């Protein structure tokens, strides 16, 4: 058997081994905490961020997905600059009384969406122009700005305060391209109606407008919409610039608009 | 036994010599006491060592409601009985004279009990049942009073009194069979 000294040595040896083991265990726990806590925090943060993004992707019922994608530039929030007289600032509201032309400049890689329900009543597509149902969507590569001008000012021919059309097609020219009369007629009747009435214009036409300056940023970025009292409406985008002339596609038909200096 | 409390307090304050002194004081007595319970010197050694290891590692609080010796023997007894719960008591085939031979050649029984008479009584007590051995050992060899023995054995003082009476009677019969006169002891 062990004597008392040997037993004391054994007791303290066991004690020291126990304390050493305990110290190692505590160090291991501390190391695990140093590594594990930040790792867990980062993991939890990733989970949380992912959850937040997942939550943001939920689209409310009844809202078109396209509208959600371009919500910041929806028709309601689009900056509208109006050329012409101050009274024409509210052109969208007044389109029930006069035809308007909307010009939009879009930013690069920006999707521009106009929702039917956001448009004024007179800008709802007529179904003949091929415009998608209630939504006019255009992807362009230029900054988006919307300019609304009345067709009357743009073309300089729309009569006011007259219930009956005042345009009388010239039997001689009969809507030949390049004619100011043709432009007036197109502005008055609307493009489709005009083209229906004057089939020869399907080959293309040329509007003569005053008061505008052709600039490069119009290229590919100017959206022109024509709306008339009788519900005809169409839209176009500029796809080429030639000096003072811009090529515009109204629905299925190409037109040219020639800008000339306004004559006082 | 205030000195034992002081030694233990010294150990708690970081002086390992306090516990070394306690081991030196109580090693032999605890060994004989525990061996009377488990009946195996090897296991007894482990149990006594575990008792001191518990003091060294766990550092249990001594509240002073009894003497340090009573408290220490209580711990050792509890460990012995926990050991018996896990293992059947085994009695060694080793000759009784070799049971308490220490590594340095000394004889624990002889050194601790000192007189041949005490050794004879102790060997006779080993043949009694565990409770009789404990109450006799604690009372006559460790100097515990009835209250101390009751605390160590988890019994009431009345139970200790009854137990002590029956233990003496049983021991007398064994000693008389061995040729001793009980009155001489």
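Chains as they are written, first to last, in my numbering: chain F, 1 to 264; chain V, 1001 to 1185.
Heads up, the beta-carbon is just placed ideally off N, CA and C, and yes, glycines get one too.
Given the structure is predicted, the values throughout are model-derived calculations rather than measurements.
| Query | Result |
| --- | --- |
| When the Cα of residue 1063 of chain V is compared with those of V:1006, V:1020, V:1083, V:1131, which residue comes out closest? | V:1006 |
| If we define contact as Cβ-Cβ less than 8 Å, is residue 1009 of chain V a contact residue for chain F? | no |
| Within the region 1095-1173 of chain V, note down every full alpha helix (DSSP H) run reaching 4 residues or more, in order along the chain. | 1108-1113, 1116-1125, 1130-1136, 1146-1153 |
| Check whether the Cβ atoms of residue 1053 of chain V and residue 1044 of chain V sit closer than 8 Å, and answer yes or no. | no |
| Please list, in chain order, the chain B residues whose beta carbon lies closer than 7 Å to that of residue 1053 of chain V. | Of the protein chains in the structure, F and V, none is chain B. |
| Could you tell me which chain F residues have their CB closer than 8 Å to the CB of residue 1101 of chain V, listed as they occur along the chain? | 1 |
| By how many angstroms is the C-alpha of residue 1139 of chain V removed from the C-alpha of residue 1161 of chain V? | 11 Å |
| Return yes when the Cβ of residue 1 of chain F is within less than 8 Å of the Cβ of residue 1041 of chain V, no when it is not. | yes |
| If you run the structure through DSSP and keep just helix, strand and coil, what is residue 1180 of chain V? | coil |
| Alpha carbon to alpha carbon, what distance is there between residue 22 of chain F and residue 16 of chain F? | 10 Å |
| Residues of chain F with a CB under 7 Å from the CB of residue 1038 of chain V: which are they? | Ordered by position in chain F, no residue passes the 7 Å Cβ test against residue 1038 of chain V, which lies about 14 Å from the chain. |
| Tell whether a beta-carbon distance below 8 Å holds between residue 12 of chain F and residue 1076 of chain V. | no |
| Taking residue 1172 of chain V as the reference, which of V:1083, V:1151, V:1048, V:1124 has the closest Cα? | V:1124 |
| In terms of alpha-carbon separation, which member of V:1051, V:1112, V:1027 lies closest to residue 1083 of chain V? | V:1051 |
| Quick one: which chain F residues come within Cβ less than 9 Å of residue 1060 of chain V? | By Cβ distance, chain F contributes nothing, its closest Cβ being about 14 Å from residue 1060 of chain V, past 9 Å. |
| Short of 8 Å in beta carbon distance, which residues of its chain neighbour residue 1070 of chain V, apart from the five on each side in sequence? Order them along the chain. | 1144, 1148, 1151, 1152 |
| Considering residue 1036 of chain V, what are the terminal residues of the alpha helix (DSSP H) in which it resides? | 1016-1038 |
| Determine the chain F residues that contact residue 1108 of chain V at a beta-carbon separation under 7 Å, and present them in chain order. | 1 |
| For residue 1177 of chain V, collect the residues of the same chain with a Cβ closer than 6 Å to its Cβ; drop the 5 residues on either side in sequence, then sort them by chain order. | none |
| Around the Cβ of residue 1013 of chain V, are there at least 16 other Cβ atoms within 10 angstroms (buried) or fewer (exposed)? | exposed |
| Check whether the Cβ atoms of residue 1132 of chain V and residue 1167 of chain V sit closer than 8 Å, and answer yes or no. | yes |
| So, with DSSP's three-state summary, where would you put residue 1083 of chain V? | helix |
| I'd like the span of the alpha helix (DSSP H) that includes residue 1003 of chain V, first residue to last. | 1002-1012 |
| Rounded to whole angstroms, what's the CA-CA distance from residue 1036 of chain V to residue 1156 of chain V? Just pull it up for me. | 21 Å |
| Roughly how many angstroms separate the alpha carbons of residue 1118 of chain V and residue 1019 of chain V, rounded to a whole number? | 28 Å |
| Which residues of chain F have a Cβ atom closer than 9 Å to the Cβ of residue 1045 of chain V, listed in chain order? | 1, 2, 7 |
| In angstroms, rounded to a whole number, what distance separates the CA positions of residue 1204 of chain V and residue 10 of chain F? | Since the displayed chain V opens at 1001 and closes at 1185, residue 1204 of chain V lies outside it and no answer follows. |
| Spell out whether any CB of chain F is found under 8 Å from the CB atom of residue 1057 of chain V. | yes |
| Is the shortest distance between the beta-carbon of residue 1004 of chain V and the beta-carbons of chain F less than 8 Å? | no |
| With the cut-off set at 8 Å, would you say residue 1108 of chain V and residue 1031 of chain V are in Cβ contact? | yes |
| Taking the CB atoms as reference points, tell me whether residue 1011 of chain V and residue 1073 of chain V lie closer together than 8 Å. | no |
| What are the boundary residues of the alpha helix (DSSP H) that residue 1060 of chain V is part of? | Neither: residue 1060 of chain V is in no alpha helix (DSSP H) and is coded neither H nor E. |
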